[in-house]
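**Student:**
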Amino acid sequence: MTGRSRTLLIIAVALGGTALAAWSGLTRFPPAVVAAAVEPVQRALSGGEADETTEQRLLRIEDQLVRVSAENALLRTRLQDYLAIRGEGGIPPEQAVVVRARIIARTVRQGRRYCELDAGAVDGVTIGMAACLGWSLVGAVVGVQEGRALVQLVSDSESRIPATLLDGEKILAEGVLTGSGKRGLLLLDYIEERDELQVTAGQRVVTAGSDGRFPPGLVLGTVTAATRSPTAGHWHVEVAPLREADIAESLLMLKFAAAPVR
12 MTGRSRTLLI IAVALGGTAL AAWSGLTRFP PAVVAAAVEP VQRALSGGEA DETTEQRLLR
72 IEDQLVRVSA ENALLRTRLQ DYLAIRGEGG IPPEQAVVVR ARIIARTVRQ GRRYCELDAG
132 AVDGVTIGMA ACLGWSLVGA VVGVQEGRAL VQLVSDSESR IPATLLDGEK ILAEGVLTGS
192 GKRGLLLLDY IEERDELQVT AGQRVVTAGS DGRFPPGLVL GTVTAATRSP TAGHWHVEVA
252 PLREADIAES LLMLKFAAAP VR
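In terms of the working numbering, the sequence shown is residues 12 to 273.
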């Protein structure tokens, strides 16, 4: 490949990367970054600096392309997050404020289960935000510092979340999802026994939204076992979380806005 052909190829890649960023619509390049990406293309088209050799010009353009590629990698990550959360629940992504944070510490002690994140108040994290993997709720923010946040996991023994039991798209009952203090096990309490109610393995559990903390429809888990209590008039329901923060590297912190009135 000749030097000129290589230059034209690099220019085409640069323009394609910039077009991808504009098309995604998720995150716009700051003007300074756009200018830095376009500048080498303009120089290449005009012949570059008078004292710059072809090899030096190509190296400079490739250096700028590395920066553009880094920006595009970030955009692709955010696009994947967007698509992941779009397909799993019934809440439009435009109604959610998203902050991604890495898990930097975990606490597991006598049934208490927490994790610490490397994002805090300066990043827009607030107490009460949902901590999610996709649209699966795995915890809630209970403490915030400037650059740190503490998340109580749904498996924590003190966690209580109003929940809805679903069979397909049919609502069967509402109860309270309680953390067992153990990984992989949640309990759905206060499901009253009724003649027509059958709770079976495979049914889904989602947030009910009745306490105002989380919107309805966030995924919590799947029923693994259910038995009728002979005395209390309630079902004993065991639930396996669909996703867990125990093996995740990062979480999405979501703050939901009310749907616009039409």
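Glycine included, each C-beta is placed from N, C-alpha and C at the ideal position. Since the model is a prediction, treat every value here as computed from it, not as a measurement.
When DSSP labels each residue in this structure, what does residue 200 get in the three-state scheme?
**Tutor:** Three-state result, residue 200: strand.
**Student:** With distances taken from CA atoms, which of 110, 120, 184, 151 is nearest residue 134?
**Tutor:** Cα-wise, what sits closest to residue 134 is 110.
**Student:** Less than 9 Å between the C-beta atoms of residue 218 and residue 173, yes or no?
**Tutor:** The answer is yes: Cβ separation under 9 Å.
**Student:** Hey, which unbroken runs of the alpha helix (DSSP H) at 4 residues or more fall wholly within the region 108–164?
**Tutor:** None, since the region 108–164 contains no complete alpha helix (DSSP H) of that length.
**Student:** Residues in the same chain with beta-carbon distance under 8 Å from residue 177, minus the five sequence neighbours each way, listed in chain order, please.
**Tutor:** Result list for residue 177: 183, 214, 215, 216, 217, in chain order.
**Student:** Compute the beta-carbon to beta-carbon distance between residue 136 and residue 262, rounded to the nearest angstrom, for a pair I have assumed lies under 8 Å.
**Tutor:** Not quite, the Cβ-Cβ distance comes to about 10 Å (not below 8 Å), so this is no contact.
**Student:** Indicate the three-state DSSP secondary structure (helix, strand or coil) for residue 64 in the structure shown.
**Tutor:** Of the three classes helix, strand and coil, the one that applies to residue 64 here is coil, per DSSP.
**Student:** Using DSSP with H/G/I as helix, E/B as strand and the rest coil, what is residue 167?
**Tutor:** If DSSP states are grouped into helix, strand and coil, residue 167 belongs with coil.
**Student:** Answer yes or no: do residue 190 and residue 149 have a C-beta to C-beta separation smaller than 9 Å?
**Tutor:** The answer is no: Cβ separation not under 9 Å.
**Student:** Let's test the definition: count the other Cβ atoms within 10 Å of the Cβ of residue 295 and tell me whether it reaches 16, buried, or not, exposed.
**Tutor:** There is simply no residue 295 to check, as the chain begins at 12 and stops at 273 in what is shown.
**Student:** For the beta strand (DSSP E) holding residue 261, just list the boundary residues, first then last.
**Tutor:** Start and end: 261–267.
**Student:** So, at 6 Å on beta carbons, what are the nonlocal neighbours of residue 116 in its own chain, with the 5 sequence-adjacent residues on each side left out?
**Tutor:** 127, listed in sequence order.
**Student:** Quick one: is residue 145 buried, meaning 16 or more other Cβ sit within 10 Å of its Cβ, or exposed?
**Tutor:** It is buried - the Cβ of residue 145 has at least 16 other Cβ atoms within 10 Å.
**Student:** Please report the distance separating the alpha-carbon of residue 125 from that of residue 227.
**Tutor:** Using only the alpha carbons, I get a separation of about 23 Å.
**Student:** Work out the CA separation of residue 203 and residue 179 for me, nearest whole Å.
**Tutor:** Those two C-alpha atoms are separated by around 20 Å.
**Student:** Output needed for residue 237: all residues of its chain with C-beta closer than 6 Å, excluding positions within five of it in sequence on either side, in chain order.
**Tutor:** Answer for residue 237: 210, 246, 248, listed in chain order.
**Student:** Is the CB-CB distance between residue 142 and residue 151 below 9 Å?
**Tutor:** Cβ atoms of residue 142 and residue 151: closer than 9 Å.
**Student:** Within its chain, find whatever has a CB closer than 8 Å to the CB of residue 192; leave out the 5 residues flanking it on each side and keep chain order.
**Tutor:** Closer than 8 Å at the Cβ level, and outside the excluded window around residue 192, lie 121, 122, 123, 124, 166, 167, 168.
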